[in-house]
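Asks: Heads up: take any position in the sequence shown, counting from 1, add 131, and you land on our numbering. Where a beta carbon is used, it is the ideal one built from N, C-alpha and C, also for glycine.
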Amino acid sequence: MKMKNIFLAFLFVSAFLFGQNQIINIHNRNTISLNGEWSIIIDPYENGYYNYRYEENPNGYFKNAKPKSKTDLIEYDFDTADKLIVPGDWNTQRDDLFFYEGTVWYKKSFDYKIQPGTRTFIHFGAVNYDAKVYVNGMKAGEHTGGFTPFNFEITGLIKDSDNFVVVKVDNKRIREGVPTVNTDWWNYGGITRDVNIITTPATFIEDYFIQLDPDTTGKVTGWIILNGDKTEQTVKIKIPETGINQDVETFGEGWGSFSFIADLELWSPGSPKLYDVIIETEDEIIIDKIGFRKIETEGTNVLLNGESIFLKGISIHEESPVNGGRAHSHEDAEALLNSAVKLGCNYVRLAHYPHNENMVRLADKMGILVWSEIPVYWTIKWENPDTYDLALQQLVDMIVRDKNRASVIIWSVANETPRSESRLNFLTNLIEHARSLDPTRLISAATELTYNGRTITIDDPLSFELDIIGANQYLGWYSNSIEQINEFTWETKFNKPLVISEFGAGALYGFHADEQTRWSEEYQDAVYREQLKMLSKVDFLRGMSPWILYDFRSPRRPLPKIQDFWNRKGLISNEGKLKKAFYTLQNFYNSIK
Ligand code: GCU
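1) Would you kindly report the start and end of the unbroken alpha helix (DSSP H) that includes residue 666?
2) Taking 8 angstroms as the threshold, find out whether the segment 354-363 comes into contact with the segment 304-321 through three or more Cβ pairs.
3) Considering only C-alpha positions, which residue in the set 362, 393, 604 and 571 is nearest to residue 383?
4) Residue 633 to residue 210, Cα distance in whole Å?
5) When you measure from the CB of residue 603 to every non-hydrogen atom of the ligand GCU, does any distance come out below 7 angstroms?
6) Using the three-state DSSP reduction, which class does residue 214 fall into: helix, strand or coil?
7) Thinking C-beta only, is residue 272 closer than 8 angstroms to residue 255?
8) May I ask whether a heavy atom of the ligand GCU can be found less than 7 angstroms away from the beta carbon of residue 621?
9) Which residue from 168, 342, 473 and 348 puts its Cα closest to that of residue 569?
10) According to DSSP, is residue 406 part of a helix, a strand, or is it coil?
11) Buried or exposed: residue 158, going by 16 or more other Cβ atoms within 10 Å of its Cβ?
12) Starting from the C-beta of residue 340, find all residues in its chain whose C-beta is less than 7 angstroms away, skip the five residues before and the five after it, and write them out in chain order.
13) Closer than 7 angstroms to a non-hydrogen atom of the ligand GCU - does that hold for the CB of residue 710?
14) Candidates 237, 703, 200 and 594: which alpha carbon is nearest residue 431's?
15) What does a CB cutoff of less than 6 angstroms around residue 693 pick up in its chain, not counting 5 residues either side in sequence?
16) In the DSSP assignment, find the alpha helix (DSSP H) that holds residue 534 and state where it starts and stops.
17) Is residue 483 close to the ligand GCU? I mean its beta-carbon at under 7 angstroms from any heavy atom of the ligand.
18) Quick check: the Cα distance between residue 680 and residue 171, rounded to an integer number of angstroms?
19) For a test of the three-state rule: what should DSSP assign to residue 529, helix, strand or coil?
20) Do residue 317 and the ligand GCU come close, with the Cβ less than 7 angstroms from some heavy atom?
21) Whole angstroms are fine: how far does the CA of residue 344 sit from the CA of residue 376?
22) Is residue 698 near the ligand GCU - that is, is its Cβ less than 7 angstroms away from at least one heavy atom of it?
23) Using 8 angstroms as the Cβ pair cut-off and three pairs as the minimum, do the segment 497-505 and the segment 467-485 touch?
24) Going straight from the alpha carbon of residue 671 to that of residue 661, what length do you get?
25) Which residues mark the beginning and the end of the beta strand (DSSP E) in which residue 197 is found?
26) Please report the Cβ distance between residue 716 and residue 659, rounded to the nearest whole angstrom; I am assuming they are in contact, meaning their Cβ atoms lie under 8 angstroms.
27) Excluding the five sequence neighbours on either side, which residues of its own chain have a C-beta within less than 8 angstroms of the C-beta of residue 148, listed in chain order?
28) Could you say if the segment 195-206 and the segment 250-264 meet the contact criterion of at least three C-beta pairs nearer than 8 angstroms?
29) Is residue 287 buried or exposed, if buried means 16 or more other CB atoms sit within 10 Å of its CB?
30) With a threshold of 7 angstroms, establish whether the CB of residue 546 neighbours any heavy atom of the ligand GCU.
31) Tell me the residue span of the alpha helix (DSSP H) that contains residue 562.
32) Please name the residue in 317, 462 and 365 whose C-alpha comes closest to that of residue 230.
33) Look up residue 158 in the DSSP assignment and say whether it is helix, strand or coil.
34) Taking only beta-carbon atoms, is residue 442 less than 8 angstroms away from chain C?
35) Give me the Cα-Cα distance between residue 293 and residue 239, rounded to the nearest whole angstrom.
36) Can you list, in chain order, the residues of its chain whose CB lies under 7 angstroms from that of residue 707, leaving out five sequence neighbours each side?
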């Protein structure tokens, strides 16, 4: 599919979904950070939004009203309210919010100097789960979805000096949501990623895509989108290190496409080469660090830059080994990815939702391949059109944000979803959109398997739509004994690569016993040992991401003194201690060249 069609698909889907398109590469723009202390009001009955007749209140908390006289009645006050740190979940900042699911109001004052001929946006890296945003008491916009960025133009709402932003954050789980009400991870609520005010020229570079042409070796192709009135201008694409200096004419909606021959050092885990790519318009210069590589499959093989590669991976939840709670910072990303590298990984599965941008940008730098996923998890409401639109929006947001990240090689549209006609239609439509937006990556999903005696068959009809088949299995933990694991043989109905997206077992760090004793490190280690023996015999296996790097919090894991609301399948405990199975997997990966 030519880049022009890709762009047009992009424009259609983005505009259709949510009007305001996502602005990418935030941290290389003219920004003011709103990170830090925000005033908060805990509001379980949404009293700051609805009146006593459950009607929307036009004078809700978002007005940030103050008494005008000593007789005025106002029953809230952000200025004397408690504080929370942004970015960050509320669950781990206050014990009384650990299990809280509901609304918390956030308020931040900030100064601003309006510069003539500019535009102003407010950008959120993520808010879990539903966000209503007001600037100076006026609605800026709202967004649903806990793990993807969004921004609203506030040019007409912002003033010189003493501005304030109020956000109604509601993390209540809903059956029609994405994810739905049951997940095996903690429902961390809050403004969980960075918040920035962005100042742009009247016409600015909203979006761009630049990568090796998937059809022609040695060729770079891409497109840019300008937002504003000056949509017809000459834009320069520069890669100074290689002398590339390419003019691109934009037209119509501000769209411009390009392709040029370039002699580039390719990005790979062994050589994660990133180039400074400069995009220059009459009013703006944006710089990004981009790696150029090609990922493809050939039969049951996975090829990176034309060479076969085995994906030596591990699954990761977005939890901070540094401070606990929802990870968001560069330091969190370093702690997580350094542990994966120590394990011998060249690949990570960022489960079960798009992680913060620090993770994929650091993976670019470190040369770690990435599986990125939207939280279409378990029993989604497949027949609900609003649910589909939510899933599509999160898929588009994920691709828009990370399409220029060389490390990201796989977009995953689902995890362990039950087979049905409606589920197949829902996911097939998502896959078609993903392909139209980005033909340079592999599409996958973590599917489930069919067991017949000691034979495992890969036969999910969804796999007809996938480039690389993900499959979860827990032999030795949720089914069968450890001794039975290596008795299984595998067969597939597809001439496609298989990656085992999950296998694993739980262990409490420091609990030692024999290999038959559940929760001992020895039990977990024996499962890994037998799993690796079995999987080594599967000749169409091209990778794995065992479950999981670190213990992580889950409301589904209450077993006292063992789990205490932690899922214990980590190879590393939540205190950072390495369990026996860590070394078994590390030895296995180090034995693979
Ligand atoms: C499932 C699921 C994970 C879950 C894991 C477990 O496969 O994909 O989200 O945490 O199994 O049961 O620990």
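Replies: If we stick to the structure as given:
1) Element bounds for residue 666: 652-666.
2) A contact between stretches requires three or more CB pairs, one per stretch, nearer than 8 angstroms, and the segment 354-363 fails this requirement with the segment 304-321.
3) Nearest of 362, 393, 604 and 571 to residue 383, Cα basis: 362.
4) Approximately 47 angstroms between the Cα atoms of the pair.
5) Flag set: Cβ of residue 603 near the ligand GCU.
6) Strand at residue 214.
7) For residue 255 and residue 272, no; Cβs fall outside 8 angstroms.
8) Annotation for residue 621 indicates a beta carbon at 7 angstroms or more from all heavy atoms of the ligand GCU.
9) With distances taken between Cα atoms, residue 569 lies closest to 342.
10) Assigned with DSSP and collapsed to three states, residue 406 falls in strand.
11) By the neighbour-count rule (16 or more Cβ atoms within 10 Å), residue 158 is not buried but exposed.
12) Within the same chain, residue 340 has close Cβ partners 353, 354, 534 and 535.
13) Incorrect: residue 710 has no Cβ contact closer than 7 angstroms to the ligand GCU.
14) For residue 431, the nearest C-alpha among the options comes from 594.
15) Sequence-distant Cβ neighbours of residue 693 in its own chain, meaning closer than 6 angstroms and more than five residues away, are 639 and 650.
16) No alpha helix (DSSP H) holds residue 534; DSSP gives it neither H nor E.
17) Result yes, Cβ under 7 angstroms from the ligand GCU.
18) Spanning the two alpha carbons is a distance of roughly 34 angstroms.
19) When secondary structure is reduced to three states using DSSP, residue 529 falls in the helix class.
20) Residue 317 Cβ: outside cutoff for every heavy atom of the ligand GCU.
21) Distance between the alpha carbons of residue 376 and residue 344 is about 18 angstroms.
22) At a cut-off of 7 angstroms, the beta-carbon of residue 698 counts as near the ligand GCU: some heavy atom of the ligand is closer than that.
23) The segment 497-505 vs the segment 467-485: in contact.
24) So the alpha carbons of these two residues sit roughly 18 angstroms apart.
25) From DSSP, residue 197 is part of no beta strand (DSSP E); its letter is neither H nor E.
26) Right, their Cβ atoms sit about 6 angstroms apart.
27) Below a pLDDT of 50, predicted positions are generally treated as unreliable, and residue 148, at 43, falls in that range; no measurement from the model is reported.
28) Flag = no, the segment 195-206 and the segment 250-264 do not touch.
29) The residue in question, residue 287, is exposed, as its Cβ has fewer than 16 Cβ neighbours within 10 Å.
30) A distance criterion of 7 angstroms places the beta-carbon of residue 546 in contact range of the ligand GCU, judged by its closest non-hydrogen atom.
31) In this chain, the alpha helix (DSSP H) harbouring residue 562 covers 552-568.
32) Closest by alpha carbon: 317.
33) In this structure, residue 158 counts as helix in the three-state DSSP scheme.
34) Among the chains of the structure shown, chain C does not appear; only one protein chain is present.
35) Cα to Cα, the separation comes out at about 10 angstroms.
36) These residues qualify, in order along the chain: 452.
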